[in-house]
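Residue 1 is where the sequence shown starts when you use the UniProt record's numbering, and the numbers rise one by one after that.
We treat Cβ as the ideally placed atom computed from N, Cα and C, and that holds for glycine.
All remarks here apply to the structure that follows.
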Amino acid sequence: MNRGLLAAGVLGATAVALGAWAEHGLAGTLVAGGFEGEALARRVDNFQTGARYQLATALALLALSVAAAPLGKQVKNAAGLLTAGGVLFSGLLYALALGPVSVRWLGAVVPLGGLAMIGGWSLLAWVGCRKQAPPGDPVSADLVRLEELLTHQQQLWQDLDEVVTSLRNETDKTALRLYRLEEAARQLIDTQRSAEETTDERPPHY
């Protein structure tokens, strides 16, 4: 069993699924839970950030699963750090987006996941400085494939960021429309109550 590919597949599939849900159902779920305005936008942003970093971690693990065997144990350690950091970072952001206000303290723990991911990438850089494969060595071909995968990942990241920015703008517009509808409904109810009270106060006609 290739654990790297397994982790990449699970993280990638769930990241895409959660990203799709963030587009179509997250805002409605949060509005039903009583969140609106700035609080709603902040929670949607946290959730989308978690999905974006989770997908990036999945793509990195996919690339590392190709290069781990020839490059050795340190690359596997880097993959482990990236996996742990990605799960912790994104998982806590999901909890902040969907959980009650009482779990806001988890925001102080989120940077630990980021530090783990930074450690994983730093370890990869260190391995890159130490490993020098001779020409024609199979490792060279693997490194070329790894570079191509990472380049493709950067392009996907850029495309995903553009999509998330567009979704965030649409979410803000939806939240504003919901807020205006709620205000209009409140004004209508107040007007109706005032009209009823005025009718009750009129003297009877004889």
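Check your understanding: What number of angstroms, rounded off, separates the C-alpha of Pro134 from the C-alpha of Leu59?
Key -> Any answer about Pro134 is weak, because its pLDDT of 49 lies below 50 and its placement is not dependable; what the coordinates show is given next. Looking at the two C-alpha atoms, the distance is approximately 27 Å.
Point to revise | Integer Cβ distance of Val110 from Leu123, believed to fall under 8 Å | key: About 21 Å; that fails the 8 Å criterion.
Check your understanding: Going straight from the alpha carbon of Phe89 to that of Ser194, what length do you get?
Key -> Separation of Phe89 and Ser194 (C-alpha to C-alpha, rounded to the nearest whole angstrom) is 51 Å.
Exercise for review: Could you work out which residue in Arg130, Gly50, Ala175 is closest to Ala39 when comparing CA atoms only?
Suggested key: Closest option to Ala39, judged by alpha-carbon separation, among Arg130, Gly50, Ala175: Ala175.
Check your understanding: In whole angstroms, what separates the C-alpha of Arg130 from that of Leu149?
Key -> Taken atom to atom, the span from the alpha-carbon of Arg130 to that of Leu149 is near 21 Å.
Review point. Taking the continuous alpha helix (DSSP H) assigned at Val109, which residues delimit it?
Key: DSSP places Val109 in no alpha helix (DSSP H); its state is neither H nor E.
Review point. Would you say Leu98 and Thr57 are within 8 Å of each other, going by their C-beta atoms?
Key: Their beta carbons are not under 8 Å apart, which means Leu98 does not touch Thr57 by this criterion.
Check your understanding: Hey, which unbroken runs of the beta strand (DSSP E) at 3 residues or more fall wholly within the stretch 126-195?
Key -> Restricted to the stretch 126-195, not a single beta strand (DSSP E) segment is unbroken, complete and at least 3 residues in length.
Review point. What are the boundary residues of the alpha helix (DSSP H) that Gly85 is part of?
Key: Looking at the DSSP string, the run of the alpha helix (DSSP H) that includes Gly85 is 73-98.
Exercise for review: Measure the Cβ-Cβ separation of Gly9 and Ala78 and say whether it is below 8 Å.
Suggested key: No, the pair does not count as a contact, with Cβ atoms beyond the cut-off.
Point to revise | DSSP state of Phe47 mapped onto helix, strand, coil | key: Phe47 falls in the helix class under three-state DSSP.
Review point. Who are the Cβ neighbours of Val66 in its own chain at under 8 Å, not counting the five residues just before and after it?
Key: The residues are Asp142, Arg145, Leu146, Leu149.
**Study point:** Whole-Å CB distance - Glu36 paired with Leu178, under 8 Å assumed
**Key:** Confirmed, about 7 Å.
Check your understanding: Within 10 angstroms of its Cβ, does Gly107 collect 16 or more other Cβ (buried), or is it exposed?
Key -> It is exposed - the Cβ of Gly107 has fewer than 16 other Cβ atoms within 10 Å.
**Study point:** Buried or exposed (CB count within 10 angstroms, at least 16 for buried), Asn46
**Key:** Looking at its Cβ environment, which holds 16 or more other Cβ atoms inside 10 Å, Asn46 is buried.
Exercise for review: Measure how close the beta-carbons of Ala51 and Gly19 come, nearest whole angstrom, since I'm counting them as under 8 Å.
Suggested key: Confirmed, Cβ separation roughly 4 Å.
Review point. Excluding the five sequence neighbours on either side, which residues of its own chain have a C-beta within less than 7 Å of the C-beta of Trp157, listed in chain order?
Key: For Trp157, where only same-chain residues beyond five positions count, the Cβ hits under 7 Å are Ala56.
Practice item. Go ahead and pull the three-state DSSP assignment for Glu36. Key: DSSP places Glu36 in the coil class of the three-state scheme, outside both helix and strand.
Exercise for review: Could you tell me whether the Cβ atoms of Leu30 and Arg42 are closer together than 8 Å?
Suggested key: Contact flag unset, no.
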